[in-house]
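Going letter by letter, the sequence shown gives residues 674 to 1010 in my numbering. All C-beta atoms, glycine included, are put in the ideal place defined by N, C-alpha and C.
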Amino acid sequence: MTEARHWTREEAGELHDLPLTDLLFRAQKVHREHQPPDAVQLCTLLSIKTGACPEDCAYCPQSARYDTGVEAERLMDVDDVLEKARQAKEAGASRFCMGAAWRSPKKGSEQFKRVLQMVRGVRELGLEACVTLGMLDDEQTQELKEAGLTAYNHNLDTSEDFYGEIITTRTYEDRLQTIQRVAEAGISVCAGGIIGMGEGIHDRVGMLVTLANLSPQPESVPINALVRVEGTPLADQDPVDSLELVRMCAVARIVMPGARVRLSAGRSELNREAQLLCFMAGANSIFFGDKLLTTGNPDHQADLELLRVAGLSVLDPGDQEVGSLTRSVELPENAAE
Ligand code: SAM
Ligand code: DTB
Ligand code: SF4
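Here's what the structure looks like:
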């Protein structure tokens, strides 16, 4: 395990503002010291409970407060979820991440028990299982651990200073507490955030520093570019400059050398070259599948083709070990055809 050091905002800010080629060089050095240089993890997302969320996250198409056209759906059946997981594995994914539009799961509810069954089922398929269900209490965290959950996704989203501009229905401290609980229960933490919400560079850097100073550091760090959804308060934000995403991946890689840096939402807006720069900057995981939760993602054949032309390999879907990256998924000769 990588020994973590303490990072200050100033140090990370200096890294962020380096000339891009210098920043990329620094990030590549760290990447090659701490990660297999050419392997990318494919993680497939599924929205198991969609829409009608009571929270007011300004970016989110699933909040009940905004008219985004997302139809509310009840929690899916276990069998349907496991069928999707099987398909994801077949396509090459090694992690299956299930998202629910909840503030938190209801205590002792039938729904939460159903999620536990989904986790068990996904693990039995030989996939890493991740869920993102909102805030957890100790008992729920323990039950997820016992069901075999690999990782829990709970994003900080932005810096503590900017957080209040984006979400008012829960605090930054609430977020940190759930993350702490998950880590103490021995579940891997997946925590990251979003750029393009009107935050400053100091907010982006502040978020990365907060993540880097967590103990332990997160096992995976999703870097999302805002998907601007009509009806949300952030629908009219300017699009994210792809090189800013590259900088975020690079700083995340340098300050969290042992983490999987996941190039997350917003890839549909990136060309192949921008994605490759993100991989060079240290991103080594993507969401894989034609849909994120409610919005689009690149076609999975196009992603396999991108990895193939770049000479990158995929994490073996049969390998349950977090952190062990092996070259074994066959990439099609020309997957785009
Ligand atoms: N309700 C749970 C929660 O908020 O923790 C889990 C689901 S929530 C959709 C998971 C994450 O998706 C959010 O924390 C946010 O970082 C990301 N997300 C949601 N909408 C997004 C958007 N429009 N663009 C980019 N990322 C988004
Ligand atoms: C994360 O950081 N990004 C994913 C996953 N964790 C759950 C979700 C992105 C959602 C984008 C908007 C949507 O599709 O609804
Ligand atoms: Fe609800 Fe999560 Fe969307 Fe916030 S990000 S509105 S908590 S689904």
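Cross-strand partners of residue i (DSSP beta bridge)
i, result
"residue 722", "773"
"residue 716", "768 and 960"
"residue 805", "772"
"residue 866", "830 and 896"
"residue 969", "964"
"residue 987", "713"
"residue 936", "896 and 959"
"residue 824", "803 and 861"
"residue 736", "726"
Inter-residue Cα distance where the pair is residue i and residue j
i, j, result
"residue 825", "residue 698", "31 Å"
"residue 756", "residue 955", "32 Å"
"residue 713", "residue 981", "11 Å"
"residue 916", "residue 929", "20 Å"
"residue 993", "residue 761", "Any answer about residue 993 is weak, because its pLDDT of 34 lies below 50 and its placement is not dependable; what the coordinates show is given next. Residue 993 and residue 761: Cα-Cα distance of roughly 15 Å."
"residue 953", "residue 986", "14 Å"
"residue 1027", "residue 734", "The displayed coordinates of the chain run from 674 to 1010. Any statement about residue 1027 would go beyond what the structure contains."
"residue 946", "residue 918", "13 Å"
"residue 777", "residue 965", "20 Å"
"residue 740", "residue 727", "13 Å"
"residue 678", "residue 886", "8 Å"
"residue 708", "residue 931", "7 Å"
"residue 1004", "residue 816", "Residue placement at residue 1004 cannot be trusted, given a pLDDT of 46 that sits under 50; the coordinates are not used to answer."
"residue 840", "residue 907", "12 Å"
"residue 926", "residue 703", "7 Å"
"residue 737", "residue 695", "44 Å"
"residue 1054", "residue 861", "Since the first residue shown for the chain is 674 and the last is 1010, residue 1054 is missing from the structure and cannot be characterised."
"residue 911", "residue 869", "7 Å"
"residue 744", "residue 960", "22 Å"
"residue 842", "residue 766", "34 Å"
"residue 732", "residue 899", "7 Å"
"residue 838", "residue 864", "19 Å"
"residue 845", "residue 835", "10 Å"
"residue 858", "residue 881", "23 Å"
"residue 935", "residue 710", "14 Å"
"residue 897", "residue 812", "30 Å"
"residue 904", "residue 764", "33 Å"
"residue 923", "residue 810", "34 Å"
"residue 852", "residue 691", "31 Å"
"residue 730", "residue 909", "15 Å"
Outcome for residue i when other beta-carbon atoms lying within 10 angstroms are tallied against a minimum of 16
i, result
"residue 978", "buried"
"residue 914", "exposed"
"residue 888", "exposed"
"residue 705", "exposed"
"residue 681", "exposed"
"residue 854", "buried"
"residue 891", "buried"
"residue 971", "buried"
"residue 976", "buried"
"residue 895", "buried"
"residue 883", "buried"
"residue 807", "buried"
"residue 969", "exposed"
"residue 944", "exposed"
"residue 866", "buried"
"residue 990", "With a pLDDT of only 45 at residue 990, under the threshold of 50, the placement of this residue in the model should not be trusted; the figure read from the coordinates follows. Buried."
"residue 742", "exposed"
"residue 724", "buried"
Cβ of residue i within 8 Å of any chain C Cβ
i, result
"residue 982", "Judged by its chain identifiers, the structure shown contains no chain C, having just a single protein chain."
Relative to ligand 3, what is the chain-ordered list of residues with a Cβ closer than 5 Å to any of its non-hydrogen atoms? Those satisfying the condition are, in chain order, 726, 728, 730, 733, 735, 736 and 774.
Measuring CB atoms only, is the region 684-695 touching the region 864-882, in the sense that at least three cross pairs come out at less than 8 Å? Touching, yes, given that three or more Cβ pairs across the two stretches are closer than 8 Å.
Please confirm if the region 781-793 is in contact with the region 804-823, defined as three or more CB-CB distances below 8 Å between the two stretches. Between the region 781-793 and the region 804-823, the count of Cβ pairs shorter than 8 Å is three or higher; the stretches touch.
Is it the case that the region 754-774 contacts the region 716-730, given that we only count it when at least three CB pairs across the two stretches are under 8 Å? By the criterion of at least three beta-carbon pairs nearer than 8 Å, the region 716-730 is in contact with the region 754-774.
Say whether the region 767-779 touches the region 799-814, bearing in mind that this needs 3 or more beta-carbon pairs closer than 8 Å, one atom from each stretch. Output reads yes: the region 799-814 touches the region 767-779.
Stretch-stretch touch, CB-based, cutoff 8 Å, three pairs: the region 826-842 with the region 779-786: Cβ pair count under 8 Å is below three, so no.
Is the region 925-943 touching the region 742-749, taking contact as three or more C-beta pairs under 8 Å? With contact defined as three or more Cβ pairs closer than 8 Å, the region 925-943 and the region 742-749 are not in contact.
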